[in-house]
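Chemist: Submitted below is the structure of interest, expressed as structure tokens.
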Amino acid sequence: MKCQHKNCGNKEKVWLPHISREDEHGLKSHPYCIYCGAVKNISSDMPKKIGYYLNVLAVIRKDHRISEAQIRLIVNDLNNREDFEDPYWTTGFSQEKMFLESLKKFCNVPENIIKSRLHFG
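Numbered per the working numbering, the sequence shown finishes at 882, counting up by one with no gaps.
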């Protein structure tokens, strides 16, 4: 069940590294959810909706053999990841890694092709 996140107060924020993609940019205070403890994503690297990744699959499918069954398996795998579309703490970078894992699990498409298509538009 997905958490209905609620931020902690300003006094309860925790000081953690501010990370953009894989680069650290010092420390910043981060709010966290008082229900589940997830730390809020305060970077500009926001996650995308699953439709973006379905469009990426359609672009990849034009050049590589990906069956309808494989697409369904990938979509189900992404939907089963409770945190895939959680805008509270998920970053775009972590979402891309989850998408790469799912695609590599069910398809034989080179990673560099997938990464180049992730930033098609």
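Just so you know, even glycine gets a beta-carbon here, dropped at the ideal spot from N, CA and C.
Helix or strand or just coil, what does DSSP make of Tyr-813?
Modeler: helix
Chemist: I want to know whether the stretch 853 to 865 touches the stretch 795 to 815 - three or more CB-CB distances under 8 Å.
Modeler: yes
Chemist: From what residue to what residue does the beta strand (DSSP E) around Ile-780 run?
Modeler: 775 to 781
Chemist: Can you tell me whether Val-870 is buried or exposed? The criterion is at least 16 other CB atoms within 10 Å of its CB, across all chains shown.
Modeler: buried
Chemist: So, is Trp-850 buried or exposed, given that buried needs 16 or more other C-beta atoms within 10 angstroms?
Modeler: buried
Chemist: Assuming Lys-810 contacts Glu-846 under a Cβ cut-off of 8 Å, what Cβ separation, rounded to an integer in Å, is found between them?
Modeler: 7 Å
Chemist: Report buried or exposed for Cys-797, applying the criterion of at least 16 other Cβ atoms within 10 angstroms of its Cβ.
Modeler: exposed
Chemist: Using the C-alpha atoms, what's the distance from Ser-781 back to Phe-867?
Modeler: 29 Å
Chemist: Apply the 10 Å Cβ neighbour rule to Leu-864 and answer buried if 16 or more other Cβ atoms are within range, or exposed otherwise.
Modeler: buried
Chemist: Taking all protein chains shown into account, decide if Pro-808 is buried (16 or more other Cβ within 10 angstroms of its Cβ) or exposed.
Modeler: buried
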